[in-house]
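Engineer:
What follows is the structure, given as structure tokens:
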């Protein structure tokens, strides 16, 4: 666990580029991402790009490779600044991540940068154990996440599997047009 | 695949003009009546033949009655749509209406979204009394469901409150009306978490 808490994007050894965020409908958002070699230079660069793009996107707490047009199982998360966050692990990037354990489903309304005009009610586990690999070193890590961080992780892992929150909404009347705040 | 994509036929066979300017028109279509399997399939296939592109739609059962509203855009006239859907009404169990509407996609309200829940013993006036308080402060109801289950009456409404309106003031007004009605009510923010 401390391996993850201590991780920062400085380990990637490069400044990422800010990439354009892909919006649905786009094929890359609807197909499963490929497993990656976390030590490969292009994966390390992708990790840096994801963090850089997340950093410049207001309110963004996570970003997955398909959202920047790359069909791969890589995502970044940082919920540390979100008001709903309790426990968190700061900024980290995971490759080939999977949910190993999950419990305590809770429903909440989600939005997504790739589906900017809609929101939806989605039930997700509020306690999860995720296993994945860190970009660069390739170290295998496990993350035990709760509440909002758990929701963010599942949302990003879904992206890597080609799933949007629209695939998980609680029912036919659980999708809403987002109000535009002026 | 979006509903609109699914809806769009690959080779529209609807009205066409070689020399005239073809203008797309938005039509609001309602189908109401006795429920049975296949109503949506029949309705949408008949509209597909006209090349109509299904935009927003909603369908539910109200006490077992089929109720569908949809917006379709295309070059077909209202009369052509009515003619195409006429067979749906032939046995007298379904009614269909078609009317032209103007496109109105103005979601830039500047308001904030809230969810109002009301539940309690059924009695006349629950909805009108509660939503009257919402209208009083120019709140806009964007989605509404009511259900009667035995004696229990449930109202769920999505509300957009105008900028500058204090939700606590509305909540106090709703609680006052709810006490008078003998029902419970809650107002909570519907802000979505961007992930």
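Chains as they are written, first to last, in our numbering: chain P, 1 to 182; chain X, 183 to 377.
From the three backbone atoms N, C-alpha and C, an ideal C-beta is built for every residue, glycine too.
In chain order, what residues of the same chain lie with their CB nearer than 6 Å to the CB of residue 138 of chain P, ignoring the 5 residues before and after it?
Structural biologist: As a first step, residue 138 of chain P must be located in the first chain, where it is residue number 138. Excluding positions up to five away in sequence, the list reads 38 and 39.
Engineer: Going straight from the alpha carbon of residue 314 of chain X to that of residue 52 of chain P, what length do you get?
Structural biologist: On the second chain, residue 314 of chain X is found 132 positions in, with the first residue counted as 1. On the first chain, residue 52 of chain P is found 52 positions in, with the first residue counted as 1. Approximately 48 Å, taken between the alpha carbons.
Engineer: What is the residue span of the beta strand (DSSP E) that residue 332 of chain X lies within?
Structural biologist: As a first step, residue 332 of chain X is located in the second chain; it is residue number 150 there, counting from the start. Counting along the chain, residue 332 of chain X falls outside any beta strand (DSSP E), and DSSP gives it neither H nor E.
Engineer: In the DSSP output, which residue or residues are listed as bridge partners for residue 279 of chain X?
Structural biologist: Within the second chain, residue 279 of chain X is the residue found at index 97, counting from 1. According to DSSP, residue 279 of chain X bridges with X:212.
Engineer: Going residue by residue through the region 202–258 of chain X, where are the continuous beta strand (DSSP E) segments of at least 3 residues, counting only ones entirely within it?
Structural biologist: Runs of the beta strand (DSSP E) inside the region 202–258 of chain X: 207–216, 235–244 and 247–256.
Engineer: Roughly how many angstroms separate the alpha carbons of residue 226 of chain X and residue 94 of chain P, rounded to a whole number?
Structural biologist: As a position in the second chain, residue 226 of chain X is number 44, starting the count at 1. As a position in the first chain, residue 94 of chain P is number 94, starting the count at 1. Between residue 226 of chain X and residue 94 of chain P, the C-alpha separation is close to 44 Å.
Engineer: From this set, P:71, P:130 and P:122, which residue's C-alpha is nearest residue 27 of chain P's C-alpha?
Structural biologist: The count along the first chain starts at 1 and reaches residue 27 of chain P at position 27. It is P:71.
Engineer: What are the boundary residues of the beta strand (DSSP E) that includes residue 263 of chain X?
Structural biologist: What you label residue 263 of chain X is simply residue 81 of the second chain in a count that begins at 1. Segment 260–267 is the alpha helix (DSSP H) holding residue 263 of chain X; no beta strand (DSSP E) there.
Engineer: Is the shortest distance between the beta-carbon of residue 147 of chain P and the beta-carbons of chain X less than 7 Å?
Structural biologist: Here residue 147 of chain P refers to the residue found at position 147 of the first chain. Closer than 7 Å: no.
Engineer: How close, in whole Å, do the beta carbons of residue 339 of chain X and residue 352 of chain X come, if the pair is a contact with beta carbons under 8 Å?
Structural biologist: As a working note, residue 339 of chain X is residue 157 in the second chain. As a working note, residue 352 of chain X is residue 170 in the second chain. Not quite, the Cβ-Cβ distance comes to about 12 Å (not below 8 Å), so this is no contact.
Engineer: How many whole angstroms separate the CB atoms of residue 368 of chain X and residue 299 of chain X, which I take to be in contact at a CB cut-off of 8 Å?
Structural biologist: Numbered from 1 along the second chain, position 186 holds the residue referred to as residue 368 of chain X. Numbered from 1 along the second chain, position 117 holds the residue referred to as residue 299 of chain X. With 8 Å as the limit, residue 368 of chain X and residue 299 of chain X qualify as a contact, their Cβ atoms being about 5 Å apart.
Engineer: DSSP on residue 34 of chain P, reduced to helix/strand/coil?
Structural biologist: The count along the first chain starts at 1 and reaches residue 34 of chain P at position 34. If DSSP states are grouped into helix, strand and coil, residue 34 of chain P belongs with the strands.
Engineer: Under 7 Å Cβ to Cβ from residue 271 of chain X, same chain only, skipping five residues before and after it: list those, please.
Structural biologist: Translated into positions along the second chain, residue 271 of chain X becomes position 89. Counting only Cβ-Cβ distances below 7 Å, and skipping sequence neighbours, we find 277 and 278.
Engineer: Go ahead and pull the three-state DSSP assignment for residue 155 of chain P.
Structural biologist: Locating residue 155 of chain P in the first chain gives position 155, counting from the first residue. Three-state result, residue 155 of chain P: helix.
Engineer: Could you name the residues of the same chain whose beta carbon sits closer than 8 Å to that of residue 22 of chain P, not counting the 5 residues immediately before and after it, in chain order?
Structural biologist: For the purposes of this step, residue 22 of chain P is taken as residue 22 along the first chain, with counting starting at 1. Closer than 8 Å at the Cβ level, and outside the excluded window around residue 22 of chain P, lie 28, 29, 66, 67, 68, 69 and 114.
Engineer: Can you tell me where the alpha helix (DSSP H) holding residue 4 of chain P begins and where it ends?
Structural biologist: Translated into the one-based positions of the first chain, residue 4 of chain P becomes position 4. Run containing residue 4 of chain P: 2–5, per the alpha helix (DSSP H) assignment.
Engineer: Taking the alpha helix (DSSP H) that residue 49 of chain P belongs to, which residues open and close that run?
Structural biologist: For the purposes of this step, residue 49 of chain P is taken as residue 49 along the first chain, with counting starting at 1. Here the alpha helix (DSSP H) through residue 49 of chain P covers 41–56.
Engineer: Identify the contact partners of residue 44 of chain P in chain X, using a Cβ-Cβ distance below 9 Å as the criterion.
Structural biologist: For the purposes of this step, residue 44 of chain P is identified with residue 44 of the first chain, where counting begins at 1. Simply none; closest approach about 24 Å.
Engineer: Exposed or buried, which one is residue 110 of chain P when buried takes at least 16 other CB atoms within 10 Å?
Structural biologist: Locating residue 110 of chain P in the first chain gives position 110, where the first residue counts as 1. Burial call: buried.
Engineer: Mind checking which residues open and close the alpha helix (DSSP H) that includes residue 144 of chain P?
Structural biologist: Translated into the one-based positions of the first chain, residue 144 of chain P becomes position 144. It is not in any alpha helix (DSSP H) - residue 144 of chain P instead sits in the beta strand (DSSP E) that spans 140–146.
Engineer: Spell out a yes or no on whether the region 328–337 of chain X and the region 72–84 of chain P are touching, meaning 3 or more CB-CB pairs, one atom from each, closer than 8 Å.
Structural biologist: No: the two stretches stay apart, fewer than three of their Cβ pairs being nearer than 8 Å.
Engineer: With a threshold of 7 Å between beta-carbons, can residue 85 of chain P be considered close to chain X, or not?
Structural biologist: Within the first chain, the letter at position 85 stands for residue 85 of chain P. It does not: the Cβ of residue 85 of chain P has no partner Cβ on chain X nearer than 7 Å.
Engineer: Tell me whether residue 284 of chain X sits in a helix, a strand or coil according to DSSP, three-state version.
Structural biologist: Working through the second chain from its first residue, we reach residue 284 of chain X at position 102. In the structure shown, residue 284 of chain X sits in coil (DSSP, three-state: anything other than H, G, I, E or B).
Engineer: Comparing the C-beta of residue 140 of chain P with each C-beta of chain X, is any distance below 7 Å?
Structural biologist: As a working note, residue 140 of chain P is residue 140 in the first chain. For residue 140 of chain P, the answer is no, since every Cβ of chain X falls outside 7 Å of its Cβ.
Engineer: Does any CB atom of chain P fall closer than 7 Å to the CB of residue 343 of chain X?
Structural biologist: Indexing the second chain from 1 puts residue 343 of chain X at position 161. Residue 343 of chain X does not count as touching chain P.
Engineer: Which class does residue 274 of chain X belong to by DSSP, given the choice of helix, strand or coil?
Structural biologist: Numbered from its first residue, the second chain carries residue 274 of chain X at position 92. Three-state DSSP puts residue 274 of chain X in coil, outside helix and strand.
Engineer: Return helix, strand or coil for residue 60 of chain P, following the three-state DSSP convention.
Structural biologist: Taking the first residue of the first chain as position 1, residue 60 of chain P is located at position 60. If DSSP states are grouped into helix, strand and coil, residue 60 of chain P belongs with coil.
Engineer: Going along the chain, which residues of its own chain have a beta-carbon closer than 6 Å to the beta-carbon of residue 54 of chain P, five neighbours each way excluded?
Structural biologist: On the first chain, residue 54 of chain P is found 54 positions in, with the first residue counted as 1. So the list reads 60, 63 and 76, once near-sequence residues are dropped.
Engineer: If you measure between the beta carbons of residue 295 of chain X and residue 342 of chain X, is that distance less than 7 Å?
Structural biologist: As a working mapping, residue 295 of chain X is identified with position 113 in the second chain. As a working mapping, residue 342 of chain X is identified with position 160 in the second chain. Yes, the pair counts as a contact, with Cβ atoms nearer than the cut-off.
Engineer: Okay, do the region 210–227 of chain X and the region 169–176 of chain P touch, 3+ Cβ pairs below 8 Å being the bar?
Structural biologist: Cβ pair count under 8 Å is below three, so no.
Engineer: Any Cβ of chain P within less than 7 Å of the Cβ of residue 214 of chain X?
Structural biologist: On the second chain, position 32 is the one that residue 214 of chain X refers to. No - not a single Cβ of chain P is within 7 Å of the one on residue 214 of chain X.
Engineer: Go through its chain and collect everything with a Cβ distance to residue 102 of chain P's Cβ below 6 Å, but skip five positions before and after it.
Structural biologist: Stepping through the first chain from its first residue, residue 102 of chain P is reached at position 102. Cβ neighbours of residue 102 of chain P beyond the five flanking positions: 125 and 128.
Engineer: Under 9 Å, CB to CB, which of the residues in the region 225–243 of chain X have a partner in chain P?
Structural biologist: Cβ contacts with chain P: 238, 240, 241 and 242.
Engineer: To the nearest angstrom, how far is it from the Cα of residue 9 of chain P to the Cα of residue 348 of chain X?
Structural biologist: Taking the first chain and counting its residues from 1, one reaches residue 9 of chain P at position 9. Taking the second chain and counting its residues from 1, one reaches residue 348 of chain X at position 166. Taking the straight line joining both Cα atoms gives about 42 Å.
Engineer: Which of helix, strand or coil does DSSP assign to residue 197 of chain X?
Structural biologist: Position 15 of the second chain holds residue 197 of chain X. Per-residue confidence for residue 197 of chain X stands at a pLDDT of 44, beneath the threshold of 50, marking its modelled position as unreliable; the derived number appears in the next sentence. Coil, per DSSP.
Engineer: What span of residues does the alpha helix (DSSP H) with residue 352 of chain X cover, start to end?
Structural biologist: Reading the second chain from its first residue, position 170 is the one you call residue 352 of chain X. From DSSP, the alpha helix (DSSP H) with residue 352 of chain X extends over 349–363.
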